Amino acid sequence: MELGLSGRVAAITGGGRGLGLAIATTLAREGCRIAICGRTPATLEAARARLVAEGAQVLIQACDVTGPGQVEAFVESAANHFGGLGVLVHNAGGASGSGALETPDDAYREGFSLNALAGLRAARAAVPWMRRARGGRIIFIASIYGRESGGRAAYNLAKAAEISLARALARELAPEGILVNAVAPGSLMFPGSSWERRREQDPAGIEAFTRSELPLGRFGSAEEVADVVAFMASDRASLVTGACWTVDGGQSRSLI
Numbered sequence: 009m010e011l012g013l014s015g016r017v018a019a020i021t022g023g024g025r026g027l028g029l030a031i032a033t034t035l036a037r038e039g040c041r042i043a044i045c046g047r048t049p050a051t052l053e054a055a056r057a058r059l060v061a062e063g064a065q066v067l068i069q070a071c072d073v074t075g076p077g078q079v080e081a082f083v084e085s086a087a088n089h090f091g092g093l094g095v096l097v098h099n100a101g102g103a104s105g106s107g108a109l110e111t112p113d114d115a116y117r118e119g120f121s122l123n124a125l126a127g128l129r130a131a132r133a134a135v136p137w138m139r140r141a142r143g144g145r146i147i148f149i150a151s152i153y154g155r156e157s158g159g160r161a162a163y164n165l166a167k168a169a170e171i172s173l174a175r176a177l178a179r180e181l182a183p184e185g186i187l188v189n190a191v192a193p194g195s196l197m198f199p200g201s202s203w204e205r206r207r208e209q210d211p212a213g214i215e216a217f218t219r220s221e222l223p224l225g226r227f228g229s230a231e232e233v234a235d236v237v238a239f240m241a242s243d244r245a246s247l248v249t250g251a252c253w254t255v256d257g258g259q260s261r262s263l264i
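First residue of the sequence shown: 9, per this note's numbering; consecutive thereafter.
Here it is as structure tokens:
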């Protein structure tokens, strides 16, 4: 299937490793010009080498997306460097804390800032460029735990906000041809992931989790989620906006 992504500019936050790098790599293979940001310069340099090996033109920029003006500066740099912006993927995310009552206020604020607010700021910077091009794609990497309970409470709240933000922006921007969606992955296993660390520490526990919680009998891969993101970013998803696509192998139990 031809996705029609060749030559487009894609900016990915948190694109230096893990799922973000898998998304960047998949989009690079589809012919996109790639901009990625992350906190660690050495990680970004390694990611650039991998993407260049795929034949991509690549811009890297070290930044903390929660810092004042930093994610906006990244988006502006990407658009100015390549002469436009067609795709924004907000992948940077995470949250600390534990149970809802035990988690301190600061953890909720930090989670909201990293996930939803940084995504909103990136979108604000991206939209003027997409308006000039009469269209674009904005994709938020959320989680199944933005739709049902599980894991850290601050993470649940932040990802639920991110999904809600995608729907709100989709309604606002649809008349201008800018499509906004979220992707909600389930549990993924990839090098450096939290699940990989847990497997090393407690292989029996991970085996039990796989049997009880993962209907396909395995974890998802970053590449499987990246393929869905690439489709959402493409011309083939021209009627898809305001959606949140679950990519979890049947793991989640939510009906919404």
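Cβ atoms here follow ideal geometry from the backbone N, Cα and C, with glycine treated the same way.
Bear in mind that the values here come from a model prediction, so they are computed numbers and not experimental data.
Measure the Cβ-Cβ separation of Ala103 and Arg160 and say whether it is below 8 Å.
yes
Within 10 angstroms of its Cβ, does Glu10 collect 16 or more other Cβ (buried), or is it exposed?
exposed
Nearest neighbour of Gln65, chosen from Ala108, Arg41, Glu80 [CA to CA]:
Arg41
Return the first residue and the last residue of the beta strand (DSSP E) that Leu187 is part of.
186 to 193
Looking at Gly185: is its Cβ nearer than 8 Å to the Cβ of Pro223?
no
Bridge partners for His98 per DSSP, in chain order?
Thr21, Phe148
Find out if the Cβ-Cβ distance for the pair Gly228, Ser195 is shorter than 8 Å.
yes
Do three or more CB pairs link the segment 103 to 123 to the segment 153 to 167 at distances below 8 Å?
yes
Smallest Cα separation from Val233: which of Arg16, Gly92, Leu96, Thr34?
Thr34
Please check if any C-beta of chain D sits within less than 8 Å of the C-beta of Ile20.
Checking the listed chains, one finds no chain D in this structure; it contains a single protein chain.
Using three-state DSSP, classify Val248 as helix, strand or coil.
coil
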